[in-house]
Amino acid sequence: MTVAPDHKPTFAKMSLGEQLDKAMPVLLIPILVVLGFFAIGAPSSWLTLTVSGLAMGMMIFIMASGLTLVFGLMDVINFGHGAFVSVGAFVGVSVLIALGGWTGTPSLLLNIAAVLLAVVAAMAVTGVMGWGFERVIVKPVYGAHLKQILVTVGGLIVVEQLIHVVWGPDEIFINRPETLKGAITFAGAAMEKYRLLAVAIGLVLFIAMRMVLRRTKVGLIVRAGVENGPMVEALGYRLRMVFVGVFIAGSALAGLGGVMWGLYQEVITAGMGERMMVLVFIVAIIGGLGSVEGAFIGALLVGLTQNYVAFLEPKLALVSNIALMTAILMWRPQGMLPVVKAK
Amino acid sequence: MSDPILTLDNIYTDIAQYHILQGVNFTVPRGQVTMLLGRNGVGKTTTLKTIMGQWRAKSGAILFEGRDINTLPTATRARAGIGFVPEDMGIFGDLTVEENMILGCTSGPLDAVRKDWLLAAFPALATFWKSEAGNLSGGQKQMLSIARALAEDRQLYLIDEPTKGLAPAIVSTMAQALRELKEQGASILLVEQNFSVARALGDSAVVMDDGAVVWSGAMAELAGNKDLQEQLMGLSMEAH
């Protein structure tokens, strides 16, 4: 093989500024945590608020990850995503109520088994529901954003009304399983057990999703599809099948998020998913549409900011997330780690 | 002439309200390099995208291995054995060079012998194997785009302007790789503006104008006739 002799590729080193710019989205989390430490002053309060913020962020991430991938892959804006959160919560809570004997005893094994069954049921139901939602509601409006917004909002309203039909119009109060009640004390700070569990589940899920996206062929196809779908098709992959799979997985994750959020709030309503959508969209937008890593960072920033601000200046908590989104979009108009740029 | 691997029979393609292809007819002989030539905007890229299914022909037939693929989805056409290198290269910039190459293999892992051949043909890819493809230069991206299409053996390769905007050194690397592919007996439909590359590689040529084929024949015949070139394309190919 003869090769032109004067073409010798070399690595170009990134300057310090470029490296810093690339790492900045990840660095924002420790920067915010440190700022929170100095602003709050009391280490125990800071630790409690940080754990609470991380737990909230993890739950929002679980709900937002599916939405951002769905948008990235097929350019679909699904305002009906909140329906899966609500349905997941109601199904999960129904299972927990049915297993009241397991949740009412102070047995970690039985409590975890009950929560696990509730999660599996919620994810199964919302996964199937996602499949139907995609076929009936989303599929006919591919490529038409305005129609997608109208139709998916309509779908959300229908699902909320169906929840009223099945479970009644009233909110349902629930008790967490016995061993997940209360808090543990560390360094003088009280940290709710359930919030620690939420942080652990969120972390495990993020790592699992990252491994699937980075280490498997399906993950590669999803990442490539988010960036340039037509080219993935031209290589021989049926992107539509992948999209349906991602939609189902995203719906199931929203269902999981619904169960976790319901147990976090200890009350569920048909409109809870709709209300969560504001935070979910903020996370997807500031993270960069199509980016799971971006959604993860964005969710943690939202959770931490809301908790710190609510402690420091309660009135400002109402606008803290909008302010955060505005600041990040002024810095990076496409979000922190956008991957949907080829479209 | 060997039997055709691809035949376009009276293909019409519209993009929005524009009638881009207006009755395209030509064949690509098996085991040969067919050059698709013509001025800018005459429909060459649309022809390749129509074959690939990225634009749908509103009428006509696309016979690949004797079977009409006109109604098949893009992915099915690719799996039937058509490799595609688009004009914009279609590189996944957030993925590494290695990951881009893995995606080029739909039926299994990248064959070691084939990988060695491709990395020998395009050494830059070996250097940047674990790097994000978005950081590659334009020439390196073009190399990756072609290498990815060649990652698996395909019956037909559609390649759109592989040397466009590249430095001469990289053009020669590219031409050498395509020459080797040709020597292996591959069937190629190549859109190319570089005259020396077109003359060196092409067995036959199809010239388009205004969305239709205006001439087809042996590449050598077209390359040796400046009057014909000026008549068909407005200027001689050497002027490109």
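In order, the protein sequences belong to chains F and V. No gaps in the numbering here: position 208 of the first sequence is 281 in this note's numbering, and each next residue is one more. No gaps in the numbering here: position 225 of the second sequence is 266 in this note's numbering, and each next residue is one more. C-beta: ideal position from N, C-alpha, C; glycine also. These figures come from a predicted structure and were not determined experimentally.
8 angstroms is my cut-off, CB to CB: does Q225 of chain V come that close to chain F? Taking the first residue of the second sequence as position 1, residue 225 of chain V is located at position 184. At a cut-off of 8 angstroms between beta-carbon atoms, Q225 of chain V makes no contact with chain F.
Is any beta-carbon of chain V found at less than 8 angstroms from that of A217 of chain F? Counted from its first residue, the first sequence places residue 217 of chain F at position 144. No, no contact with chain V.
Three-state secondary structure (DSSP) of E265 of chain F: Position 192 of the first sequence, counted from the start, is the residue given in the question as residue 265 of chain F. Correct three-state label for E265 of chain F: strand.
Based on the DSSP secondary-structure assignment, which residues constitute the bridge partners of P45 of chain V? Translated into the one-based positions of the second sequence, residue 45 of chain V becomes position 4. Answer is V:P70, bridged to P45 of chain V.
Closer than 8 angstroms, CB to CB, is F236 of chain V near chain F or not? What you label residue 236 of chain V is simply residue 195 of the second sequence in a count that begins at 1. Not one chain F Cβ lies under 8 angstroms of F236 of chain V.
List the DSSP bridge partners of M249 of chain V. Stepping through the second sequence from its first residue, residue 249 of chain V is reached at position 208. In the DSSP output, where bridge partners are listed per residue, M249 of chain V has V:V254.
Candidates F:P387, F:A383, F:V375: which alpha carbon is nearest A400 of chain F's? Along the first sequence, one-based indexing puts residue 400 of chain F at 327. The residue with the shortest Cα to Cα distance from A400 of chain F is F:V375.
Secondary structure at W381 of chain F, three-state DSSP: helix, strand or coil? The residue labelled residue 381 of chain F in the question sits at position 308 within the first sequence. Looking at the sequence shown, residue 381 of chain F is not Trp but Tyr. Reduced to three states, the DSSP call for Y381 of chain F is helix.
What did DSSP end up calling T123 of chain F once you bin it into helix, strand or coil? Residue mapping note: residue 123 of chain F aligns to position 50 of the first sequence, counting from 1. It is helical.
Just to confirm, are L177 of chain V and L185 of chain V a CB contact at a threshold of 8 angstroms? Residue numbering aside, residue 177 of chain V sits at position 136 when the second sequence is read from its first letter. Residue numbering aside, residue 185 of chain V sits at position 144 when the second sequence is read from its first letter. The answer is yes: Cβ separation under 8 angstroms.
Please confirm whether G309 of chain F has its beta-carbon closer than 8 angstroms to some beta-carbon of chain V. If you number the first sequence from 1, residue 309 of chain F lands on position 236. Closer than 8 angstroms: yes.
Do three or more CB pairs link the segment 121 to 141 of chain F to the segment 332 to 341 of chain F at distances below 8 angstroms? The segment 121 to 141 of chain F makes contact with the segment 332 to 341 of chain F, as at least three CB pairs between them are under 8 angstroms.
Name the chain F residues that come within less than 7 angstroms of T204 of chain V, Cβ to Cβ? Position 163 of the second sequence, counted from the first residue, corresponds to residue 204 of chain V. Simply none; closest approach about 12 angstroms.
How would you call F246 of chain F, buried or exposed, if buried means at least 16 neighbouring beta carbons within 10 angstroms? Residue numbering aside, residue 246 of chain F sits at position 173 when the first sequence is read from its first letter. The residue is exposed, with fewer than 16 neighbouring Cβ atoms inside 10 Å.
Kindly give me the distance between the Cβ atoms of L293 of chain F and L207 of chain V, rounded to whole angstroms, as I take these residues to be in contact under 8 angstroms. Position 220 of the first sequence, counted from the first residue, corresponds to residue 293 of chain F. Position 166 of the second sequence, counted from the first residue, corresponds to residue 207 of chain V. Not confirmed; about 27 angstroms, so no contact.
Below 7 angstroms between beta carbons is the criterion; list the residues of the segment 82 to 107 of chain V that meet it against any residue of chain F, in chain order. M93, Q95
Shorter than 7 angstroms, the distance from the beta carbon of E306 of chain F to the closest heavy atom of the ligand ATP, or not? With respect to small molecules bound, the structure shown includes none, and the ligand ATP cannot be examined in it.
Backbone CA spacing between I370 of chain F and A271 of chain F [nearest angstrom]: Translated into positions along the first sequence, residue 370 of chain F becomes position 297. Translated into positions along the first sequence, residue 271 of chain F becomes position 198. If you take the alpha carbons of I370 of chain F and A271 of chain F, they lie about 16 angstroms apart.
Run the CB neighbour count on L443 of chain F, radius 10 Å, all protein chains shown included, and call it buried at 16 or more, exposed below. Because residue 443 of chain F is not part of the residues shown, which for chain F are 74 to 416, the question remains open.
Interface residues of chain V around R296 of chain F at Cβ under 7 angstroms? Residue mapping note: residue 296 of chain F aligns to position 223 of the first sequence, counting from 1. The contacting residues are D135, L136.
According to the neighbour-count rule (16 or more other Cβ atoms, all chains shown, within 10 Å of its Cβ), is P250 of chain F buried or exposed? The residue given as residue 250 of chain F occupies position 177 in the first sequence. When all chains shown are included, P250 of chain F counts as buried.
Tell me which residue opens and which closes the beta strand (DSSP E) that T258 of chain F is part of. Here residue 258 of chain F is taken as the residue at index 185 of the first sequence, counted from 1. Per DSSP, T258 of chain F belongs to the beta strand (DSSP E) from 256 to 259.
Minimum C-alpha distance to I222 of chain F - residue among F:A162, F:F144, F:L276, F:A171: Looking up residue 222 of chain F in the first sequence gives position 149. The option with the nearest alpha carbon to I222 of chain F is F:F144.
Alpha-carbon spacing of Q183 of chain V relative to N141 of chain V, whole angstroms: As a position in the second sequence, residue 183 of chain V is number 142, starting the count at 1. As a position in the second sequence, residue 141 of chain V is number 100, starting the count at 1. For Q183 of chain V and N141 of chain V, the distance between alpha carbons rounds to 12 angstroms.
If you draw a straight line from the C-alpha of G228 of chain F to the C-alpha of G261 of chain F, how long is it? Position 155 of the first sequence, counted from the start, is the residue given in the question as residue 228 of chain F. Position 188 of the first sequence, counted from the start, is the residue given in the question as residue 261 of chain F. Looking at the two C-alpha atoms, the distance is approximately 47 angstroms.
So which residues on chain V does V412 of chain F lean against when the C-beta distance must stay under 7 angstroms? On the first sequence, position 339 is the one that residue 412 of chain F refers to. Here the neighbours are D135.
Among F:V209, F:L100, F:S125, which has the Cα closest to the Cα of G153 of chain F? Looking up residue 153 of chain F in the first sequence gives position 80. In terms of Cα proximity to G153 of chain F, the closest of F:V209, F:L100, F:S125 is F:V209.
Just to confirm the assignment: which complete alpha helix (DSSP H) runs, minimum length 4, are found wholly within the segment 284 to 337 of chain F? 290 to 307
Relative to the alpha-carbon of A263 of chain F, which residue among F:T121, F:L312, F:F354 has its alpha-carbon at the smallest distance? Counting from 1 along the first sequence, the entry for residue 263 of chain F is found at position 190. With distances taken between Cα atoms, A263 of chain F lies closest to F:T121.
Mark M97 of chain F as exposed unless 16 or more other C-beta atoms lie within 10 angstroms of its C-beta, in which case mark it buried. By 1-based counting over the first sequence, the position of residue 97 of chain F is 24. When all chains shown are included, M97 of chain F counts as exposed.
With distances taken from CA atoms, which of F:K388, F:A307, F:A187, F:G318 is nearest M130 of chain V? The residue labelled residue 130 of chain V in the question sits at position 89 within the second sequence. Of the candidates F:K388, F:A307, F:A187, F:G318, F:A307 places its Cα closest to the Cα of M130 of chain V.
By DSSP, does I132 of chain V sit in helix, in strand, or in coil? Sequence index remark: in the second sequence, residue 132 of chain V carries index 91 (1-based). The DSSP-derived three-state label of I132 of chain V is coil.
Which residues in chain F sit within 8 angstroms of T115 of chain V, going by Cβ to Cβ distance? Taking the first residue of the second sequence as position 1, residue 115 of chain V is located at position 74. By Cβ distance, chain F contributes P303, E306, A307.
Does E300 of chain F get closer than 8 angstroms to chain V when you measure Cβ to Cβ? Working through the first sequence from its first residue, we reach residue 300 of chain F at position 227. Closer than 8 angstroms: yes.
To which residues of the same chain is M93 of chain V closer than 7 angstroms at the C-beta, ignoring the five residues directly before and after it? Within the second sequence, residue 93 of chain V is the residue found at index 52, counting from 1. Taken in chain order, the residues that qualify are T115, R118, I123, F125, L199.
Report the three-state DSSP secondary structure of R80 of chain V (helix, strand or coil). Sequence index remark: in the second sequence, residue 80 of chain V carries index 39 (1-based). Coil, per DSSP.
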